[in-house]
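Protein chains in written order, with this note's numbering: chain A, 9 to 754; chain B, 843 to 1001; chain C, 141 to 428.
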Amino acid sequence: MIGASAHRKEGRAKVMGTAIYTDDKFVPNALHGVTVRSQVPRGILKGIHFGEGIPWAEFTIVTAADIPGKNLVASVVHDQPFLVGIGEAITHMEQPILLLAHPDRHLAEKARLAVSLEVEELPAILDIQASLDLEQVIYGTHNLLKEIRIQKGDPATVWERAAHVIEGEYFTGAQEQMYLETNAMVAVVEEKDAQTWVTVWGSLQCPYYVHGALKQLFGLPEERVRVVAMEMGGAFGGKEDYPSVNGGHAALLAWKSGRPVKLIYDREEDLACTTKRHPSRSRLKTAFDAEGMLLALETDFVLDGGAYATMSPVVLSRGAIHAAGLYRCPHVKVHARAVATNTPPPGAFRGFGAPQSLFAMERHMDVCARKLGLDPVELRRKNFLRMGDTMATGQVIREDLDLGGLMDRALAEIGYHDKRAAHAITNQGEGPIKRGLGFSVFMHGCGFTGSGESYLASVAGVEGLADGTVSILAASTEMGQGKNTVFSQIVAEALKVPFDMVDVAEVDTDRVPNSGPTVASRSTMMVGRILEDAAIGFKQALVQQGFLQEPYTADAFRAAVARAVESLGSVKCYGQYHRPPNIIWNDSTYQGDAYPTYSWACYAAEVAVDLDTYEVKVEDFVAVQEVGRVVNPRLAAGQVEGGVAQGIGWGLWEEVTTKQGRMINNQMTNYIIPTSADLPRIKVVFLENAHPAGPGGAKGIGELPMDGPAPALVNALEAALGPLRLDEVPMTPERLMARCEEVANG
Amino acid sequence: MADRITLVMNLNGEERSVQVHPFARLLDVLREDLRLTGTKEGCGEGECGACTVLVDGQVVNSCLVPAIQVQGAEVITVEGLARGGELSPLQAAFVAHNGAQCGFCTPGMLVAATDLLHRCPHPTDDEVRDGLAGNLCRCTGYSKILDAVQTVANGGSSK
Amino acid sequence: MRGFLPDCDIRVPGSLAEALGLLSAEPGVWTPFAGGTDLMVVYNAGRLKATRFLDLSRLAELRGIAEEGASLAFGSLTSFSEIREHRAVHQHFPNLVKSARATGALAIQNRGTLGGNIVNASPAADTPPSLLAYGAELELVSLRGRRRVAYDRFHLGYKQMDLAPDELVARILVPMPEGRSFHYFRKVGTRQAQAISKVCLAAHARVADGCVAELRIGLGSVAPAPVRARNAEAALIGKPVAELPLLAARAALLGDMSPIDDIRASAHYRSVVTQNVLGHMLRELASV
Ligand SMILES: Cc1cc2nc3c(=O)[nH]c(=O)nc-3n(C[C@H](O)[C@H](O)[C@H](O)COP(=O)(O)OP(=O)(O)OC[C@H]3O[C@@H](n4cnc5c(N)ncnc54)[C@H](O)[C@@H]3O)c2cc1C
Ligand code: FES
Ligand code: FES
Chain A
9 MIGASAHRKE
19 GRAKVMGTAI
29 YTDDKFVPNA
39 LHGVTVRSQV
49 PRGILKGIHF
59 GEGIPWAEFT
69 IVTAADIPGK
79 NLVASVVHDQ
89 PFLVGIGEAI
99 THMEQPILLL
109 AHPDRHLAEK
119 ARLAVSLEVE
129 ELPAILDIQA
139 SLDLEQVIYG
149 THNLLKEIRI
159 QKGDPATVWE
169 RAAHVIEGEY
179 FTGAQEQMYL
189 ETNAMVAVVE
199 EKDAQTWVTV
209 WGSLQCPYYV
219 HGALKQLFGL
229 PEERVRVVAM
239 EMGGAFGGKE
249 DYPSVNGGHA
259 ALLAWKSGRP
269 VKLIYDREED
279 LACTTKRHPS
289 RSRLKTAFDA
299 EGMLLALETD
309 FVLDGGAYAT
319 MSPVVLSRGA
329 IHAAGLYRCP
339 HVKVHARAVA
349 TNTPPPGAFR
359 GFGAPQSLFA
369 MERHMDVCAR
379 KLGLDPVELR
389 RKNFLRMGDT
399 MATGQVIRED
409 LDLGGLMDRA
419 LAEIGYHDKR
429 AAHAITNQGE
439 GPIKRGLGFS
449 VFMHGCGFTG
459 SGESYLASVA
469 GVEGLADGTV
479 SILAASTEMG
489 QGKNTVFSQI
499 VAEALKVPFD
509 MVDVAEVDTD
519 RVPNSGPTVA
529 SRSTMMVGRI
539 LEDAAIGFKQ
549 ALVQQGFLQE
559 PYTADAFRAA
569 VARAVESLGS
579 VKCYGQYHRP
589 PNIIWNDSTY
599 QGDAYPTYSW
609 ACYAAEVAVD
619 LDTYEVKVED
629 FVAVQEVGRV
639 VNPRLAAGQV
649 EGGVAQGIGW
659 GLWEEVTTKQ
669 GRMINNQMTN
679 YIIPTSADLP
689 RIKVVFLENA
699 HPAGPGGAKG
709 IGELPMDGPA
719 PALVNALEAA
729 LGPLRLDEVP
739 MTPERLMARC
749 EEVANG
Chain B
843 MADRITLVMN
853 LNGEERSVQV
863 HPFARLLDVL
873 REDLRLTGTK
883 EGCGEGECGA
893 CTVLVDGQVV
903 NSCLVPAIQV
913 QGAEVITVEG
923 LARGGELSPL
933 QAAFVAHNGA
943 QCGFCTPGML
953 VAATDLLHRC
963 PHPTDDEVRD
973 GLAGNLCRCT
983 GYSKILDAVQ
993 TVANGGSSK
Chain C
141 MRGFLPDCDI
151 RVPGSLAEAL
161 GLLSAEPGVW
171 TPFAGGTDLM
181 VVYNAGRLKA
191 TRFLDLSRLA
201 ELRGIAEEGA
211 SLAFGSLTSF
221 SEIREHRAVH
231 QHFPNLVKSA
241 RATGALAIQN
251 RGTLGGNIVN
261 ASPAADTPPS
271 LLAYGAELEL
281 VSLRGRRRVA
291 YDRFHLGYKQ
301 MDLAPDELVA
311 RILVPMPEGR
321 SFHYFRKVGT
331 RQAQAISKVC
341 LAAHARVADG
351 CVAELRIGLG
361 SVAPAPVRAR
371 NAEAALIGKP
381 VAELPLLAAR
391 AALLGDMSPI
401 DDIRASAHYR
411 SVVTQNVLGH
421 MLRELASV
């Protein structure tokens, strides 16, 4: 079963239009919620005024003063309020101030506009530099949300004696997840036996995050909060932390009104208010010897973390650990900071900090190759990590890595050497079209960073059903990545039964244990592994208790499960994460095994630039990766293709334009994601190399494809156009034109 | 303030009538008044195509169509593609090829693809891209969607 | 959805005369509604002031593409899809076909109309540059009668037109070129489909005795409304195609444009790229 391209479990419902997403849920008697938000980046809330012409008495109104528990969103750091109270600080545009609900959604929308806020404005910090310069102190004492240092050896001892020292500065912009389904929540709060029971259904990646947030918001014990994940129309990290906010809002309105509440964002609100990829700035300094061997690397990596810490500490951590790329280097120093600004907090987005720091590193390698007079292929080949090498955190490479072979495969797939030679000739021509090939080589750490998995201690299980089939109990959510299918394959394989005898249980915190958040490419590798254990335990229990005899047929298994359920009432078996003994991590020194393993990849792109319009067409794209054993090749290829498409968008077109920290191109017509006419067919190659951490040797795959496209594309642009200051993504036509003009104008 | 109208349409092969505001969006009529929630709202600005339905045989964005303009029309939504529980060839191909990931673009994509193959039974990849360019998908990068459409059209993928 | 539905009304007139009657009885109150692909977007975003609409879509008098003398006459309700599919349009006006193909995507092309594209008066609209290049004329109708306006005099400023509140655009008449001629259309959007133009240039030329005998250039997205590039045209008319004065034409083009910075592109980008596209157009003209 593992290794087969089983069809998506929920595929039939999806193609028939019968899959139920949050806003599809029929909720009789529901109110429609709306959120009133700040229209200044920083200030003190002085008053709230309700304008004329609205039947306010018909409305449910929730302000900060109504909150029954703590007015802080439970997250990595508890610093963000659900709503801003009178006299309290507004810290960014579009910050939620109060909530309204009414049975008529048109009237609710009209009322939203009739509320005016009285605010004493304060000067705001809107970008990384202003925050570092402490133009205003807006967070703690130094505007720092998190600071991390990683050191190995001492680069300071190298600069003087190195043959070459090369510096560079690189920038990456914010990026919107643009899941097709906007954020959506339905909440019901019941008073039973003089106690409050909160239930939220929503489009959310991490049911137990929302569960934790609701407990704190209402001051309720675990069992009185229930969170159910509906079918989800994409997430990509965008529904990792934000659902704790809007889930809380929906529940507050339901609690105050005593009626069910639907809180559905429209696209404009979703774009302007919810989380994005963190903008970044990287300053790199590298030393090479005369042959091009990397001697030292120092990087100053800064993320714009917005007004609250939210996920920034962990995004920063992954970015910092990936900052040195996959090169062996004796002296490395990483200084990473997430700084506060008065902008809506960014959050998780596929890649989680790694795309930012890897863009800088992989772009810098091409810049260095040019300065050293070396082919970018050969410079990389000389410096790749190999078995026995140590990474910046001191993690020793224990696998037999062949990054040179991986790179060569990608270059062969795209026809690198022949095409480069051909471009060298055709680019001499008069015409405006110039072509180039570029690539990037990179890795992505699988699972949570450092001791994250140990803290989580995830639990997942399998349950026998009365009809003899098996149901998977895990809080991992399906957002299109194929979790339902892959989990079923893993469990079917472990139980040695057909795929259609296994399915997943609805993700409802009343029913499934906390298998951790659905993030960090961890579901297949981490939760899959726990499920494999649980399934084997389940089978052994059946055997031990005499229901089943090995070897068995599918029918015998089904009959055994049915018998067991009938005689025992319920048959479940859980597994839990155990830290493998050889994985050690120290959170305070940032030393040790940052990840149990890494996926490795080389992506190559061919671009055509039109120098009349500075439009860039991606003509060919090859994605070669080693991700351990591939559980479901077709789903895995889909993950890579989709991730590459997002990476191409980030590299070339997707720009978040802001005014006073607020996104002003917050419509689909103005935030440009690729259409079917903008992308080539993406060639996907998996090189298999079973890794023991995951089930049947699987590693993570969800985020990896986001890391490689941007640097590959920008490197290709340089190959097409010659040396330019190509230091930033997205490299939009406007930006590319400006960079070309810099050269033309000297 | 307008009076409600009795909107009559042939919806997925059935005569339906419903009392609605004449300027209500077809999308809302389908989802709220008729509870056919297969058709999705991804943007409300004509950009994403998640709300695509067929009106008198033409693909339209139902978020941009007021009810009164479909008075007497034939409307087909994703719910009308399968016959008697049997998936249409395109629906089956989307399942087999992983053309639907999160599935949110899928209803609109399938309606657009159905229309495309109706107009152009053996399209090239570029014709498929053109026919589906108004249907944004954030999950797939479109490759598997192209595969699914080409399997139905040309018995396999074509470049 | 942010429009306030309860305030809205839409009427379906049974005939053109009835529509014109309503428009003339309450001028400025009723907003014509054709395919709705502009109006509904603004309504959904809660930014539409108008609340009372007149549904033109069932008025047969405003439909159809037909030859009339030396012109092809397009009913204002002609959709982009109809333009894409019509043989005579392909034969005589390839730029219009390209404009229609480049507009939004199929679902928009099925509903969006030529009349709506013109009266919405977006500087970034894609058929106007082609209509300008072909020397189109508009036929306007009201209870007061019919009148014709040369399209290049129709747009008076940003969203200002030579169109009275009681008038509708009835037809668009485009003279069919005689003999062989040169057609050029290029749209530069933010992506390959479903994109709003950042730059758009359409041209139509006739070459005689190796020289540019006639030339019209229409520009989009570089002025408050679609404009003719009269200065650039003047710099090129009469010149031999083998030695077109590229630099002079580019310089003249600057006098035709007044681009601005907005969310989609900078003024500088629009200006430079329009000049480059003109250069591309001239290279093609020189090679025919
Ligand atoms: C997703 C999307 C993509 C788009 N892409 C493009 C594009 O690439 N290029 C482009 O040019 N446009 C584009 N548009 C805009 C729009 O589709 C066109 O402007 C279209 O031609 C409008 O026609 P309509 O019939 O839909 O106009 P409507 O919305 O019905 O009307 C538009 C305006 O014209 C008036 N009007 C309509 N008909 C008449 C008439 N006969 N007489 C007087 N007034 C009239 C209306 O009162 C209104 O003010 C796009 C729109 C969307 C939603
Ligand atoms: S919801 Fe209609 S096009 Fe997006
Ligand atoms: S499958 Fe998710 S948007 Fe297309």
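Ideal Cβ placement from N, Cα and C applies to all residues, glycine included. A quick note: this is a predicted structure, and the numbers were derived from the prediction, not measured.
Asked                                                                                                                                    : Found
7 Å Cβ cutoff, Gly-886 of chain B in contact with chain A                                                                                : yes
Below-7 Å beta-carbon distance, Arg-390 of chain C vs any chain A residue                                                                : no
N- and C-terminal bounds of the alpha helix (DSSP H) containing Val-48 of chain A                                                        : It is not in any alpha helix (DSSP H) - Val-48 of chain A carries neither H nor E in the DSSP assignment.
Continuous beta strand (DSSP E) assignments of at least 3 residues falling wholly in the segment 627-715 of chain A                      : 690-694
Cβ neighbour criterion (16 or more within 10 Å) applied to Lys-1001 of chain B                                                           : Low confidence applies here, because Lys-1001 of chain B scores a pLDDT of 45, under 50, leaving its location unreliable; read the following figure in that light. Burial call: exposed.
Neighbourhood of Arg-241 of chain C by C-beta, 7 Å cutoff - its chain only, sequence neighbours within 5 removed                         : Arg-224
Nearest-angstrom beta carbon gap, Asp-967 of chain B and Leu-988 of chain B [assumed within contact, 8 Å]                                : 6 Å
Euclidean distance between Cα positions of Leu-906 of chain B and Arg-867 of chain B                                                     : 7 Å
Cys-944 of chain B Cβ short of 6 Å to ligand 2 heavy atom set                                                                            : no
Chain C within 7 Å of Val-871 of chain B, Cβ atoms only                                                                                  : no
Residues passing the C-beta test against ligand 2 heavy atoms, cut-off 6 Å                                                               : B:Glu-883, B:Gly-884, B:Cys-885, B:Gly-886, B:Gly-888, B:Glu-889, B:Cys-890, B:Gly-891, B:Ala-892, B:Cys-893, B:Asn-903 and B:Cys-905
Proximal residues of chain C, C-beta to C-beta of Lys-442 of chain A below 9 Å                                                           : The contacting residues do not exist; Lys-442 of chain A stays about 14 Å from chain C at best.
Where Trp-64 of chain A sits in the DSSP three-state scheme                                                                              : helix
First through last residue of the alpha helix (DSSP H) which encompasses Gly-255 of chain C                                              : 254-260
Residues of its chain near Leu-422 of chain C, where Cβ-Cβ distance is below 8 Å and the 5 sequence neighbours each way are ignored      : Leu-376, Leu-384, Leu-386 and Ala-389
C-alpha distance - Gly-554 of chain A paired with Ser-462 of chain A, whole-angstrom precision                                           : 35 Å
Pairwise C-alpha distance: Val-35 of chain A and Gly-945 of chain B                                                                      : 22 Å
Cβ contact (3+ pairs, closer than 8 Å) linking the segment 359-367 of chain A and the segment 278-291 of chain A                         : yes
heavy atom of ligand 3 below 6 Å from Gly-327 of chain A C-beta                                                                          : no
Beta-carbon contacts of Thr-982 of chain B that lie in its chain and below 6 Å, excluding the five residues immediately before and after : Gln-943
Chain A contact for Ala-333 of chain C (CB, 7 Å cutoff)                                                                                  : yes
Separation of His-344 of chain C from Lys-625 of chain A, as counted between CA atoms                                                    : 28 Å
Chain-ordered residues of the segment 656-677 of chain A with a beta carbon less than 8 Å from chain B                                   : Gln-675, Met-676 and Thr-677
Limits of the unbroken alpha helix (DSSP H) element including Arg-326 of chain A                                                         : 320-330
Among B:Leu-923, B:Lys-986, B:Ala-934 and B:Glu-928, nearest to Asp-957 of chain B - alpha-carbon criterion                              : B:Leu-923
Touch test, the segment 725-736 of chain A against the segment 600-620 of chain A, Cβ-Cβ under 8 Å, three pairs minimum                  : yes
Collapsed DSSP secondary structure at Trp-608 of chain A in the structure displayed                                                      : strand
Thr-118 of chain A in three-state terms, based on DSSP                                                                                   : In the sequence on display, residue 118 of chain A carries Lys and not Thr. Looking at Lys-118 of chain A - three-state DSSP - the assignment turns out to be helix.
Same chain, Cβ closer than 6 Å to Pro-338 of chain A, neighbours up to 5 away in sequence not counted                                    : Gly-161
Residue from B:Glu-916, B:Asp-870, B:Val-871 and B:Val-953 whose Cα sits closest to the Cα of Gln-933 of chain B                         : B:Val-953
Span of the beta strand (DSSP E), counted from its first residue to its last, around Ile-272 of chain A                                  : 269-272
Local Cβ density within 10 Å of Ser-859 of chain B, reported as buried at 16 or more and exposed below that                              : exposed
Selection of the segment 846-869 of chain B by Cβ proximity to chain C, strictly under 9 Å                                               : His-863, Pro-864, Phe-865, Ala-866, Arg-867 and Leu-869
Residue range of the alpha helix (DSSP H) that includes Ser-282 of chain C                                                               : Ser-282 of chain C -> not in any alpha helix (DSSP H); beta strand (DSSP E) instead, spanning 277-282.
Boundaries (first-last residue) of the beta strand (DSSP E) holding Asn-852 of chain B                                                   : 847-853
Neighbouring residues, chain C, relative to Ala-623 of chain A (Cβ below 8 Å)                                                            : The amino acid at residue 623 of chain A is misidentified as Ala; the sequence shows Glu. Neighbours of Glu-623 of chain A on chain C, chain order: Val-328.
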